[in-house]
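Trainee:
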Amino acid sequence: MNIIGTGLSGLVGSRIVELLKNNHVFEDLSLESGVDITKFDEVEKRLTASSAPWVFHFAAFTDVQASEKEKDQGNESISWKVNVEATKNIASVCQKLRKHVLYLSTDYVFDGKADVYNEEAVGNPQGWYAKTKYEGEKIVKDLRELGLVVRIANPYRSHPIGKKDFMHKILERLQQGLPIAAPTNQKMTATFIDDLAHGIEKLISIQATGVYNIPGADSFSPYEGAMMIAEVFRVDQKNISKTTFEEYFASRAPIPQYGVLTHDKIESLGIKVHTFREGLIEIKQIEEKIL
C-alpha cells in the first residue's frame, strides 16, 4: 500500500518506515519534499497528486517547554500552526479526496487526575502543547469514517534518530555519571515504537476509525523507570535520587501526574505490547547486535 506521511524522518516516523517499508511504499509530505504543511495550497497540491489512500500525520511541534512559553501568542504560535492549522489543512483535503488520516496524539491531552485513561476518556489538556494536540485530535475525529487517532506516551526505540528519546537521555546521563532526580509519585506508560508500528499496520489493514491507545503494557513512576534502565543496561544506580512530582515540575510546563493509557482495545486486535522492562531488554539486544 502507498502511504504519504508527515514526520517520517523523526524519532517515531523513521522507525515506523524502517519496520513497515517491506510491505508499504512511503511518500514524504514535508519541507524536505517541498511542502509546507501549514500552507493549505501546498498540501492540497501534493495530496491531490498522490494515489496513497492513507495519510500518516506524525509531524508535530513537541517541545513542551518551548510551546508553553509561546501560549500567549495563541493561534499565531508555532505549536498552533503546526499542531492545529497543519492538521486542519490535511484533514480538509483528505475529506475532499476521501483519504484516510492517521493522527498521532499523546497522553498529555488528559489532566492526569484519573488512575487510567481509555479511548473514551474526555480530554482536559493543561499545557499549551497538550491543548494544541487535543485540537488536532478533534479535527481528525470529525472526519468520522476517514479519521483515526492513535494516542501514545513517552515513545522510545533502539538507535533513536534525530532527538534522543527519554530512555536514551536517562541512559546517557547515567553512563556519564550525572545525577538524575526522578519523581516517585507520578505514573506513566511508555510506547515501544516497534509495538506502535505493528499496531498501526493492523489498524490500517482493517481501515480502523476512532481512537486507539498504543502505550506499553505496564505503568511505573519515573523513578522506577530510571532504576529499570540502569538495571537492564547494567549502569550504577547510585546517581538516581527520589523527588516528588510537585517539586520536579514546579517551574516546568504542566503535564499529567497520572498519564496511564489503557491498551485493552489494541490488544483485542491481536497486538501485544511490551512492558517497559521487556522493551528495554529488546533494545539492549538490538543495540548490542545480539538479535
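Heads up, the sequence shown is in the working numbering, so the first residue is 874 and it goes up one at a time. Here a beta-carbon is modelled for each residue, glycine too, at the ideal position from N, C-alpha and C.
What are the partner residues of Asp-901, as DSSP defines its beta bridges?
Mentor: Gly-878
Trainee: Take Gln-1048 and list the residues in its own chain whose beta-carbon comes closer than 7 Å to its own, dropping the five residues that flank it on each side.
Mentor: Val-1108
Trainee: How would you write the range of the beta strand (DSSP E) that Thr-868 sits in, first residue to last?
Mentor: What is shown of the chain runs 874 to 1164, which leaves residue 868 out entirely.
Trainee: Skipping 5 residues on each side, what residues in its chain have a beta carbon closer than 7 Å to that of Ser-1031?
Mentor: Ile-1156, Ile-1159, Glu-1160
Trainee: Can you check which of these residues, Thr-1117, Phe-1118, Ile-1102, is closest to Lys-1111 by C-alpha distance?
Mentor: Ile-1102
Trainee: Could you tell me whether the Cβ atoms of Pro-926 and His-897 are closer together than 8 Å?
Mentor: no
Trainee: On the criterion of 16 or more Cβ atoms from any shown chain inside 10 Å, does Gly-1009 qualify as buried, or is it exposed?
Mentor: buried
Trainee: Give me, in chain order, the residues of the same chain whose beta-carbon lies closer than 8 Å to that of Phe-1118; leave out the 5 immediate sequence neighbours on both sides.
Mentor: The beta carbon of Phe-1118 is closer than 8 Å to those of Pro-1056, Asn-1058, Gln-1059, Gln-1130 in its chain, skipping five residues each way along the sequence.
Trainee: Applying the 10 Å Cβ sphere with the 16-neighbour rule, what's the burial state of Pro-1067?
Mentor: It is worth fixing the name first, because residue 1067 is Asp in this sequence and not Pro. Burial call: buried.
Trainee: Put His-930 into one of helix, strand or coil per three-state DSSP.
Mentor: strand
Trainee: Answer with buried or exposed for Ile-1079, where buried requires no fewer than 16 other C-beta atoms within 10 angstroms of its C-beta.
Mentor: exposed
Trainee: The alpha helix (DSSP H) spanning Asn-962 covers which residue range?
Mentor: Its alpha helix (DSSP H) spans residues 959 to 970.
Trainee: Closest to Gly-1083 by CA distance: which of Leu-1016, Met-1100, Ala-1126 is it?
Mentor: Leu-1016
Trainee: Considering only C-alpha positions, which residue in the set Ile-910, Asp-988, Ile-1034 is nearest to Ser-965?
Mentor: A check of alpha carbon separations from Ser-965 across Ile-910, Asp-988, Ile-1034 identifies Ile-910 as the nearest.
Trainee: Is it the case that the Cβ atoms of Tyr-976 and Val-1022 are separated by a distance below 8 Å?
Mentor: Cβ atoms of Tyr-976 and Val-1022: closer than 8 Å.
Trainee: What is the DSSP secondary structure of Thr-1116, counted as helix, strand or coil?
Mentor: Correct three-state label for Thr-1116: strand.
Trainee: What would DSSP say about Gly-1035, mapped onto helix, strand or coil?
Mentor: coil
Trainee: Here's the rule I'm using: 16 or more other beta-carbon atoms within 10 Å means buried, otherwise exposed. How should Glu-958 be labelled?
Mentor: Here Glu-958 is buried, its C-beta having at least 16 other C-beta atoms within 10 Å.
Trainee: How is the beta strand (DSSP E) around Tyr-1085 delimited, first residue to last?
Mentor: Note, Tyr-1085: beta strand (DSSP E), 1083 to 1086.
Trainee: Is the beta carbon of Asn-875 closer than 8 Å to that of Glu-900?
Mentor: In this structure, Asn-875 lies closer than 8 Å to Glu-900 by Cβ.
Trainee: From Ser-882 to Ile-889, what does the alpha carbon distance come to, in whole angstroms?
Mentor: 10 Å
Trainee: Mind checking who Pro-1056 pairs with in its DSSP beta bridge?
Mentor: Thr-1116
Trainee: Please name the residue, chosen from Ile-1087, Lys-1138, Ile-1034, that lies closest to Thr-1148 on a Cα-to-Cα basis.
Mentor: Closest option to Thr-1148, Cα to Cα, is Ile-1087.
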